[in-house]
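S.K.: I have a structure I would like to understand better, so I am pasting it below and will then ask my questions one at a time.
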Amino acid sequence: MLSLVLILLACIYFPGVIVKVKAFFSGRKGPGILQPWSDIFRLLKKGSVYSTSSSFIFQIGASVYFSTVVIAALFVPFQETTALVSFNGDFVLFAYLLGLGRFLIILSALDVSSGFEGMGANREAFYSMLIEPAFFILLGALAMFTGYTSFHDIFASLHYHNYFSGIIAIIAGYVLANITLVETSRLPVDDPLTHLELTMVHEVMVLDHSGFDLGIIKTANNLKFVLFSSLSANCFIPQSLDLSLRIAIFLVLQVFFAGGIGWLESFRARNKMAMNAQYILSVSAIAMILIFVVIIIKNRI
Amino acid sequence: MILIFKFALLFSFGIFILPKKWKYALGLALHILLIVSTGNWALNALMIGTQTISLDIATWSGPIQLVIDPLSAYFMLIINLICFCGILYAAGYLKPYMPKKRSVFISLHLFSFLWLHGAMLLVTSMRDGIAFLLAWELMSLFSFILVIFEAQKESTLKTGINYLLQMHLGFALIMISFLIAANQTGELSFAGVAKYFTQYNNAPLFLLFFAGFGIKAGFIPLHSWLPRAHPAAPSHVSGVMSGVMIKMGIYGIFRVVSLLQNDLMTIGIIVLAVGVVSGLLGVIMAIMQHDLKKLLAYHSIENIGIIGIGIGVGILGKAIGDDYLMILGLAGALLHNLNHALFKSLLFFTAGNIFYATHTVNMDSLGGLVNKMKYTSTAFLIGALAISGIPPFNGFISEFLIYSGILHHLPAATFWMSLVGVAAVLGLVLIGGLCIYCFTKAFGMSFLGTRRSEQHHLVEEVPPFMLFPAVLIIGLILFIGLRSAFFGEAVINILQQLTNVSTVGITPEIVHSLTAVSNINILLIIVMGVVFGVRTWQQRRVKVEQRPTWGCGYSAGDFRHQYTPTSYADSLRQLVDPLIDYTRHYKSFTEKEIFPPPKTFHTESKDLVEEKTVLSWVHLLVKYLPKAGVAQSGLINHYLIYPLIFLVLIGLLTILNIM
Numbered sequence: 004m005l006s007l008v009l010i011l012l013a014c015i016y017f018p019g020v021i022v023k024v025k026a027f028f029s030g031r032k033g034p035g036i037l038q039p040w041s042d043i044f045r046l047l048k049k050g051s052v053y054s055t056s057s058s059f060i061f062q063i064g065a066s067v068y069f070s071t072v073v074i075a076a077l078f079v080p081f082q083e084t085t086a087l088v089s090f091n092g093d094f095v096l097f098a099y100l101l102g103l104g105r106f107l108i109i110l111s112a113l114d115v116s117s118g119f120e121g122m123g124a125n126r127e128a129f130y131s132m133l134i135e136p137a138f139f140i141l142l143g144a145l146a147m148f149t150g151y152t153s154f155h156d157i158f159a160s161l162h163y164h165n166y167f168s169g170i171i172a173i174i175a176g177y178v179l180a181n182i183t184l185v186e187t188s189r190l191p192v193d194d195p196l197t198h199l200e201l202t203m204v205h206e207v208m209v210l211d212h213s214g215f216d217l218g219i220i221k222t223a224n225n226l227k228f229v230l231f232s233s234l235s236a237n238c239f240i241p242q243s244l245d246l247s248l249r250i251a252i253f254l255v256l257q258v259f260f261a262g263g264i265g266w267l268e269s270f271r272a273r274n275k276m277a278m279n280a281q282y283i284l285s286v287s288a289i290a291m292i293l294i295f296v297v298i299i300i301k302n303r304i
Numbered sequence: 173m174i175l176i177f178k179f180a181l182l183f184s185f186g187i188f189i190l191p192k193k194w195k196y197a198l199g200l201a202l203h204i205l206l207i208v209s210t211g212n213w214a215l216n217a218l219m220i221g222t223q224t225i226s227l228d229i230a231t232w233s234g235p236i237q238l239v240i241d242p243l244s245a246y247f248m249l250i251i252n253l254i255c256f257c258g259i260l261y262a263a264g265y266l267k268p269y270m271p272k273k274r275s276v277f278i279s280l281h282l283f284s285f286l287w288l289h290g291a292m293l294l295v296t297s298m299r300d301g302i303a304f305l306l307a308w309e310l311m312s313l314f315s316f317i318l319v320i321f322e323a324q325k326e327s328t329l330k331t332g333i334n335y336l337l338q339m340h341l342g343f344a345l346i347m348i349s350f351l352i353a354a355n356q357t358g359e360l361s362f363a364g365v366a367k368y369f370t371q372y373n374n375a376p377l378f379l380l381f382f383a384g385f386g387i388k389a390g391f392i393p394l395h396s397w398l399p400r401a402h403p404a405a406p407s408h409v410s411g412v413m414s415g416v417m418i419k420m421g422i423y424g425i426f427r428v429v430s431l432l433q434n435d436l437m438t439i440g441i442i443v444l445a446v447g448v449v450s451g452l453l454g455v456i457m458a459i460m461q462h463d464l465k466k467l468l469a470y471h472s473i474e475n476i477g478i479i480g481i482g483i484g485v486g487i488l489g490k491a492i493g494d495d496y497l498m499i500l501g502l503a504g505a506l507l508h509n510l511n512h513a514l515f516k517s518l519l520f521f522t523a524g525n526i527f528y529a530t531h532t533v534n535m536d537s538l539g540g541l542v543n544k545m546k547y548t549s550t551a552f553l554i555g556a557l558a559i560s561g562i563p564p565f566n567g568f569i570s571e572f573l574i575y576s577g578i579l580h581h582l583p584a585a586t587f588w589m590s591l592v593g594v595a596a597v598l599g600l601v602l603i604g605g606l607c608i609y610c611f612t613k614a615f616g617m618s619f620l621g622t623r624r625s626e627q628h629h630l631v632e633e634v635p636p637f638m639l640f641p642a643v644l645i646i647g648l649i650l651f652i653g654l655r656s657a658f659f660g661e662a663v664i665n666i667l668q669q670l671t672n673v674s675t676v677g678i679t680p681e682i683v684h685s686l687t688a689v690s691n692i693n694i695l696l697i698i699v700m701g702v703v704f705g706v707r708t709w710q711q712r713r714v715k716v717e718q719r720p721t722w723g724c725g726y727s728a729g730d731f732r733h734q735y736t737p738t739s740y741a742d743s744l745r746q747l748v749d750p751l752i753d754y755t756r757h758y759k760s761f762t763e764k765e766i767f768p769p770p771k772t773f774h775t776e777s778k779d780l781v782e783e784k785t786v787l788s789w790v791h792l793l794v795k796y797l798p799k800a801g802v803a804q805s806g807l808i809n810h811y812l813i814y815p816l817i818f819l820v821l822i823g824l825l826t827i828l829n830i831m
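Sequences listed follow chains A and B, in order.
For the first sequence, this note's numbering assigns the number 4 to the initial residue and increments by one for each residue that follows.
For the second sequence, this note's numbering assigns the number 173 to the initial residue and increments by one for each residue that follows.
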């Protein structure tokens, strides 16, 4: 329960911080922290325009996407406090649930018979297929290290294990941060602010969504962002501290994540489209290194 | 019950006698009789224990016995279910053919369909070698007749002969395997195989069996009949063949695996490797296809690969003595049989609906069907989600079992086992991701957008009774997804009786996980309902408009601007180029073409594995066999010399006592 509250709390300021940091680096004052949310609320109240070639798939796509992310949020634990849902192998369901949302949002993009959205749909399917292994290898390595197979048990015991926990946690946090960037379509894989439809990934998929649907898609994106960065934060926060202190660290870490993304997006150019596959596969490669680190630490060779 | 069973098979000949319009009714009635009798045995076998029924037909080794243990019973129920759906679906699908086809062809088709059903039931219940092989042969022959339903097309006939040949190669391999065992133990039966396994090295004989059954199942590199035969066959036949007939190969493998005694590590690694390769290559080849039924056929290979991963993991679990890994690997594989039978037949039936309505299954000319065929597209969507292993549907459950087994083992794994485990997980994950890629393509290109070629005739939804089997299957798909613990427990019980491993510590743990999964699935459906409800409420209060799709300022676009199956697959193609022989037929514009004529663009990809393993031999044969034509001189005196030479040779061999 605590984790869900924390996630929702972080969700409030997360998108705002990114915007603010980006504005700062480009020398502007920028909108207030809550501006992204007020935009979303305005969208939720607006009317909708549907493509004449769209069908019921388009109507349900956004709702399904939003629902899967909401359900996935129930899986994420905060350190040793239990998540609302926890059982052995829960992260498999977590990943496949996000798959359901992705499936439907890809189909909604294909539903409007636009070449541009087809492009985005295709890229989303391709990149998410490539990033999936990284997530599973990572969790596999953590399961190997801790001896547990659920999010909660893994994060509860990650830091108590032995001196090597630090190394594992840092690599795992790094890989998770990279997965976050790909899963949520941020730089260097995808630039949400680009204005050229040919080079967009996620944003071009939702070109024809409007009003309520666009609102919940944006909400889901923000939520997904915080879900992954919370997983990442779980790796970084040392467990020996007091709970209230850890909560504070968590919230501050989320500010840092958001700030980091703002910083990254201000100074880094996006990858060339053709380079993305390599970039994403390299994340899996780093996760693979983690497997070998665990094997060595556990004296399996 | 035995009388009903015999009665059904005997009266099948009546199909030939009855007038055309009653043939189907008799076929259906006989199917139901088969289902009632064998279903009863199967349920008894599952509830009470192994059933033995004497068929009162004697071979030299005594009367044929139907032995139905829980494993047979499980497969029997799957066969009955899918064949029932298949024959129901055939009612609608065959309708356009009824006036066109001659009466005897219709009879032959329905007769073969019934006998395919019967032969598969016999395969699962025969323990005697001869009887098993006989049933196996019947199954191949009748499925061959079903495949060549449209034999007036030359390509279909060719495909059918290809299929028949490959099936007989498999048959020969299985027969040789049985004979090897019989030669050493004196028993031509599964019991003989079991005896052989206790005395000798298991790996060689098992691999022979694996190759024989693998041809039927469609493991790569033995798969090449599959992507040819499925598109050529009518949809209800493809559904049954892909849904259950290839599972007979899996049944055989399960049967043999349950008898294994040694060499487990080698066997496990090989099966797992073949599974991963089949899964990955199968789905990659599927993505490259333009033909919807061919795409589905390659997906059968992919799902057989997943089953192979489960079996491989299970054998490895037995090899290292980890019961949890063994039971969950095999349970995942076993449950995936049922799951695949359900969603694959659903997908083939809906592909059949598309063919019925549009007369094509080429995705290059489909598109925009969703608004015209609402129910078909919903059914296909559910099938697509289920086959991609996405919750809340059933495909996820079996994959979850395999995942759970491997993940549970990882913490205690040795170096090599952890590498093997990671490889298996990687295989499953990549297959899952590629599956999403493939089915967003299949669904998106066939149903969404607007039609990708000029429309020639009116497309409308198929008649309701063609949708009825789909409704039945969807019900079961959802039932497995939402009540997964029941099915998980059931397959574990079957395996417990098959392997005699105690599952006391395993069942409660997995039931707990599966219950949680199912509860999440239910919650997911509720949340989706609530969100959609809120959305509907919001939409009623605001202005909702219909406008053309946003074309980035360009409003004169037409259907040609959409993504096509080729372009959707292109980003993956660049990554896997070495694995597929991809060719692009296109002539670019030349400088002199000021007013260029219409251009065509065509791509195709070849199956490199098939090319290297099967076709290269065929090419060699085609090259050198004509040389033997020298002997065919056309002169009668030459032809008389040949038997003479033969007789002299036989005489010499006898005299010298060489053989």
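Cβ atoms here follow ideal geometry from the backbone N, Cα and C, with glycine treated the same way.
Closer than 7 Å to a non-hydrogen atom of the ligand ADP - does that hold for the CB of Leu-217(A)?
M.R.: Absence of the ligand ADP is noted for the structure shown, with no ligands found whatsoever.
S.K.: Return helix, strand or coil for Arg-126(A), following the three-state DSSP convention.
M.R.: Looking at Arg-126(A) - three-state DSSP - the assignment turns out to be helix.
S.K.: Using a Cβ-Cβ cutoff of less than 6 Å, which residues in the same chain neighbour Ile-682(B) once the five nearest sequence positions on both sides are dropped?
M.R.: Result list for Ile-682(B): Gly-660, in chain order.
S.K.: For Gln-734(B), name the three-state secondary structure that DSSP assigns.
M.R.: Gln-734(B) falls in the coil class under three-state DSSP.
S.K.: Assuming contact is defined by CB atoms lying nearer than 8 Å, are Ile-387(B) and Gln-338(B) in contact in what I supplied?
M.R.: Yes; because the gap between Cβ atoms is below 8 Å, this pair is in contact.
S.K.: Among Val-207(A), Val-20(A), Asp-194(A) and Ala-261(A), which residue has its Cα nearest to the Cα of Thr-272(A)?
M.R.: This sequence places Ala at residue 272(A); Thr is not what is there. Looking at the Cα atoms, Asp-194(A) is the closest of the given residues.
S.K.: Would DSSP call Met-311(B) helix, strand or coil?
M.R.: Note: Met-311(B) maps to helix in three-state DSSP.
S.K.: By the DSSP assignment, the alpha helix (DSSP H) with Tyr-166(A) in it spans what residues?
M.R.: Note, Tyr-166(A): premise wrong, no alpha helix (DSSP H); not H, not E.
S.K.: Is it buried or exposed, Met-248(B), if we count other Cβ atoms within 10 angstroms and call 16 or more buried?
M.R.: It counts as buried.
S.K.: Which stretch, first to last residue, makes up the beta strand (DSSP E) that contains Tyr-53(A)?
M.R.: First-last of the beta strand (DSSP E) with Tyr-53(A): 51-54.
S.K.: Would the stretch 775-785 of chain B and the stretch 393-406 of chain B be scored as touching if the rule is three or more Cβ pairs under 8 Å?
M.R.: Contact between the stretch 775-785 of chain B and the stretch 393-406 of chain B is present, because at least three Cβ pairs lie under 8 Å.
S.K.: Going along the chain, which residues of the stretch 625-649 of chain B sit with their C-beta nearer than 8 Å to a C-beta in chain A?
M.R.: Against chain A - using a Cβ distance shorter than 8 Å - the stretch 625-649 of chain B contributes no residues.
S.K.: Taking CB distances under 8 Å as the criterion, tell me whether Ile-478(B) reaches chain A.
M.R.: No, Ile-478(B) does not count as interfacial toward chain A.
S.K.: Report the residue from Asp-536(B), Pro-769(B) and Thr-775(B) whose alpha carbon sits nearest the alpha carbon of Tyr-758(B).
M.R.: If we check each option's Cα against that of Tyr-758(B), Thr-775(B) comes out closest.
S.K.: Can you name, in chain order, every residue of its own chain whose Cβ lies under 7 Å from the Cβ of Ala-236(A), other than the five neighbours on each side?
M.R.: Contacts found: Phe-253, Leu-256 and Gln-257.
S.K.: Counting along the chain, where does the beta strand (DSSP E) carrying Ile-752(B) start and finish?
M.R.: Here the beta strand (DSSP E) through Ile-752(B) covers 752-757.
S.K.: Short of 8 Å Cβ to Cβ, which residues in the stretch 718-740 of chain B face chain A?
M.R.: Taking 8 Å as the Cβ-Cβ cut-off against chain A, the residues of the stretch 718-740 of chain B that qualify are Gln-718, Arg-719, Pro-720, Thr-721, Trp-722, Gly-723, Cys-724, Gly-729, Phe-731, His-733, Gln-734, Tyr-735, Ser-739 and Tyr-740.
S.K.: Around the Cβ of Gln-734(B), are there at least 16 other Cβ atoms within 10 angstroms (buried) or fewer (exposed)?
M.R.: With 16 or more Cβ atoms within 10 Å of its Cβ, Gln-734(B) is classed as buried.
S.K.: Under the three-state reduction of DSSP, which class applies to Leu-238(B): helix, strand or coil?
M.R.: Three-state DSSP puts Leu-238(B) in a strand.
S.K.: Please tell me whether Lys-227(A) has its Cβ less than 8 Å away from any Cβ of chain B.
M.R.: Closer than 8 Å: no.
S.K.: Leaving out five residues on either side along the sequence, give the residues of the same chain with a beta carbon under 6 Å from the beta carbon of Asn-566(B).
M.R.: The residues are Asn-511, Ala-558, Ile-649, Ile-652 and Gly-653.
S.K.: Counting only Cβ-Cβ distances shorter than 7 Å, please list the residues of the stretch 138-165 of chain A near chain B, keeping chain order.
M.R.: Listed by position along the chain: Phe-139, Ile-140, Gly-143, Ala-146, Met-147, Gly-150 and Thr-152.
S.K.: Just to make sure I have the definition right: I need the residues of chain A whose C-beta is within less than 7 Å of the C-beta of Ser-685(B). Which are they?
M.R.: Under the 7 Å cutoff, chain A gives Phe-90, Asn-91 and Gly-92.
S.K.: What residues in the stretch 45-58 of chain A have a beta carbon less than 9 Å from any beta carbon of chain B?
M.R.: Residues passing the 9 Å Cβ filter: Leu-47, Lys-48, Lys-49, Gly-50, Ser-51, Val-52, Tyr-53, Ser-54, Thr-55, Ser-56, Ser-57 and Ser-58.
S.K.: Tell me the residue span of the alpha helix (DSSP H) that contains Gln-718(B).
M.R.: No alpha helix (DSSP H) contains Gln-718(B), which is instead part of the beta strand (DSSP E) from 716-719.
S.K.: Along chain A, in chain order, which residues have C-beta atoms closer than 8 Å to that of Pro-563(B)?
M.R.: In chain order: Leu-96, Tyr-99, Leu-100 and Leu-103.
S.K.: Closer than 7 Å by beta-carbon distance: list the chain B residues that pair up with Ile-74(A), in chain order.
M.R.: Under the 7 Å cutoff, chain B gives Ile-692, Leu-695, Leu-696 and Val-699.
S.K.: Whole-angstrom Cβ separation of Ile-473(B) and Gly-555(B), contact assumed at under 8 Å?
M.R.: Not really, about 17 Å apart at Cβ, beyond 8 Å.
S.K.: Cβ atoms of Leu-202(B) and Phe-183(B): under 8 Å apart, would you say?
M.R.: Yes. Within cutoff.
S.K.: Anything in chain A within Cβ reach of Tyr-496(B), meaning under 8 Å, just list it in chain order.
M.R.: Those within 8 Å of Tyr-496(B) in chain A number zero; the least Cβ separation is about 11 Å.
S.K.: With a 10 Å radius around its C-beta and 16 neighbouring C-beta atoms as the bar for buried, classify Gln-281(A) as buried or exposed.
M.R.: The residue in question, Gln-281(A), is exposed, as its Cβ has fewer than 16 Cβ neighbours within 10 Å.
S.K.: I'd like to know if Thr-530(B) contacts chain A, where contact means its C-beta is closer than 8 Å to some C-beta of that chain.
M.R.: No, Thr-530(B) does not count as interfacial toward chain A.
S.K.: Asn-373(B): which of Glu-765(B), Lys-544(B), Gln-433(B) and Leu-380(B) sits nearest, CA to CA?
M.R.: When each option's Cα is compared against that of Asn-373(B), the closest is Gln-433(B).
S.K.: What number of angstroms, rounded off, separates the C-alpha of Ala-584(B) from the C-alpha of Ile-666(B)?
M.R.: Taking the straight line joining both Cα atoms gives about 27 Å.
S.K.: Give every residue of the same chain whose Cβ lies closer than 6 Å to the Cβ of Ala-323(B), excluding the five residues on either side of it in the sequence, and list them in chain order.
M.R.: Answer for Ala-323(B): Leu-329, listed in chain order.
S.K.: Between Phe-818(B), Phe-382(B) and Met-545(B), which has its C-alpha nearest Val-446(B)'s C-alpha?
M.R.: Closest option to Val-446(B), Cα to Cα, is Phe-382(B).
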